[in-house]
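Chemist: Below is the structure I would like to discuss, written out as structure tokens.
Numbering (our numbering), first residue to last: 628 to 754.
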């Protein structure tokens, strides 16, 4: 996987968090109904488990970042702030925030989410 692919996939996963949470809630509601047969319940539970696993990987990856960087990721992908708005909150330049997200944070998050080994990871750092 190339550096740009890691960045794009990391961003895609981060943007998917609200949808993941919504789908998990919908499955929870569906599972509370008694109108499903055993096979459908198992299918729904399996889907919920997959969604929870993906969400856990994202949360774990964000948790490995320094506190300010966690905030930056949350501001951008969960609160939908612009780079300018984030820059004002963290007292940094807009370009600095953009570069930090694009050149550092998305790669770090991707490393954890996708399980890259240190040897493989060096390729991206040196790029």
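Just so it is clear, CB atoms sit at the ideal spot from N, CA and C, and this is done for glycine as well.
Bear in mind the structure is a predicted one, so any value in this text is a computation, not a measurement.
With a threshold of 8 Å on Cβ separation, who are the neighbours of residue 671 within its own chain once the five nearest residues in sequence on each side are excluded?
Modeler: Translated into positions along the chain shown, residue 671 becomes position 44. Result list for residue 671: 654, 657, 658 and 663, in chain order.
Chemist: Does residue 737 come out as helix, strand or coil in the three-state DSSP assignment?
Modeler: Indexing the chain shown from 1 puts residue 737 at position 110. If DSSP states are grouped into helix, strand and coil, residue 737 belongs with the helices.
Chemist: Specify, as a first and last residue, the run of the alpha helix (DSSP H) that residue 635 falls within.
Modeler: Here the question's residue 635 lines up with position 8 in the chain shown. Start and end: 630-642.
Chemist: Who are the near neighbours of residue 644 in its chain, counting only those whose CB is closer than 8 Å to its CB and skipping five residues on each side?
Modeler: Here residue 644 is taken as the residue at index 17 of the chain shown, counted from 1. Here the set comprises 682, 685, 704 and 705.
Chemist: Among 702, 689, 691 and 649, whose alpha-carbon lies nearest the alpha-carbon of residue 678?
Modeler: Your numbering for residue 678 matches position 51 in the chain shown. Per the Cα distances, 649.
Chemist: How would you label residue 729, buried or exposed, when you count the other beta carbons within 10 angstroms and need 16 or more for buried?
Modeler: Numbered from 1 along the chain shown, position 102 holds the residue referred to as residue 729. Its Cβ having fewer than 16 others within 10 Å, residue 729 is exposed.
Chemist: How big is the Cα-Cα spacing for residue 646 and residue 693?
Modeler: As a working mapping, residue 646 is identified with position 19 in the chain shown. As a working mapping, residue 693 is identified with position 66 in the chain shown. Taking the straight line from one Cα to the other gives about 25 Å.
Chemist: If you measure between the beta carbons of residue 739 and residue 687, is that distance less than 8 Å?
Modeler: Translated into the one-based positions of the chain shown, residue 739 becomes position 112. Translated into the one-based positions of the chain shown, residue 687 becomes position 60. Yes; because the gap between Cβ atoms is below 8 Å, this pair is in contact.
Chemist: Under 8 Å, do residue 716 and residue 702 count as touching if we go by C-beta distance?
Modeler: Position 89 of the chain shown, counting from 1, holds the residue named residue 716. Position 75 of the chain shown, counting from 1, holds the residue named residue 702. Yes. Within cutoff.
Chemist: Can you grab the Cα-Cα spacing for the pair residue 696 / residue 669, in whole Å?
Modeler: Residue 696 sits at position 69 when you count from the first residue of the chain shown. Residue 669 sits at position 42 when you count from the first residue of the chain shown. Computed Cα separation, rounded: 38 Å.
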